[in-house]
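Here the sequence shown stands for residues -16 to -1, 1 to 243, where the numbers follow mature numbering (1 follows the signal peptide of the UniProt record, and there is no 0).
The structure under discussion appears below in the form of structure tokens.
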Amino acid sequence: MAFSYSLLLAWSSVSGLQGSCIVIPCSFNYPEPEKKPSKLTGIWFKDTHDTIYHPVSSNIIKDYRGRTELVGDLWQKNCSLRIDPLHLSDKGPFTFRIEMEDHNKTAITVLFSLLISGSPDPPSLSVREEVKVGEVVSAFCSVSHSCPSDSPLLTWSLSGTPSVQSQQLTDSQWEVTSSLTFTPSSTDHNQSLVCTAEYRGEKTVKRFKTLNVKCKWTTPFVLTTLFVCGAGIMRSEPGEAWNSSKHTVTQFCLHRGLI
């Protein structure tokens, strides 16, 4: 008895990074036969004829041998394939075939491509436009990737308390986010807060934000004489209130004895 098969794919293309890994999402469906098959065999081809995955490794062409793994459960109708590491030549198109023991075998054609990049995109970075001396601040840095078993490493240029979380965005994309909790000082004003993402193969990308640090006092403060190390004495007019546009944060904090 012959059975008709249909393949269900959520994506026509999947994005990945050269040298990293990628998981190609794949699922299929078919009418349940009266007699349950004793064995299911999933096979992946490139260009319909080159075997890139087979349970018997000797059947796999040399370029893909040791790089492919069927991560889906065929009994759950999941045919997802992992390729690791990813080469620039891994662009498809690909064909998947399911073989059912004791039943007629029908090929299922899958036409979709891989979008492979030679370098990763910079991370996204967010922090408040204005932060205040002595107050706790949180910054967030995130990148998306295609390799859940080998997430990019995120590091910061400032000391603080980092926390890392990961989530799955789609069937083929994940996101890792690092949050940094830190307490800015006046010396951090106009300094760059840098987040670096390091991928497998020592591929690194960075994103930075310039910190705008203000003093946390908002009430007017009357300046008299301000001593600045190495710059002599700064005087204000009698009765002049603190003016952030005229006096720098460092000068004011020096006057307050903070540094």
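Built from N, CA and C at the ideal position, the CB exists for glycine as well.
Of the candidates Thr171, Leu24, Lys116 and Gly144, the residue whose Cα lies closest to the Cα of Leu164 is Gly144. If you draw a straight line from the Cα of Leu58 to the Cα of Glu114, it is about 53 Å long. Selection Thr52, Cys179 and His38 evaluated against Ala123 yields Cys179 as nearest (Cα-Cα). Excluding five sequence positions before and after Pro132, the CB atoms of its chain that fall closer than 6 Å to its own CB belong to Trp158, given in chain order.
By alpha-carbon distance to Ser97, the top candidate from Ser(-4), Pro168 and Thr79 is Ser(-4). Checking the DSSP bridge columns, you'll see Gln60 has no partner listed. Residues Leu1 of the same chain have their beta carbon placed closer than 6 Å to that of Ser101, with the five preceding and five following residues left out of the count. With 16 or more neighbouring CB atoms inside 10 Å of its own CB, Val111 falls in the buried class. An exposed status is given to Thr32, since fewer than 16 other beta-carbon atoms sit within 10 Å of its beta-carbon.
Val120 is a Cβ neighbour of Thr167, given a cutoff of 8 Å.
If you draw a straight line from the Cα of Asn43 to the Cα of His129, it is about 30 Å long. Here Tyr48 carries a helix assignment [DSSP, helix/strand/coil]. Lys30 is classed as buried because its beta carbon has at least 16 other beta carbons within 10 Å across all chains shown. Thr165: member of the beta strand (DSSP E) spanning Trp158 to Phe166, first to last residue. DSSP places Asn174 outside any beta strand (DSSP E), giving it a letter other than H or E.
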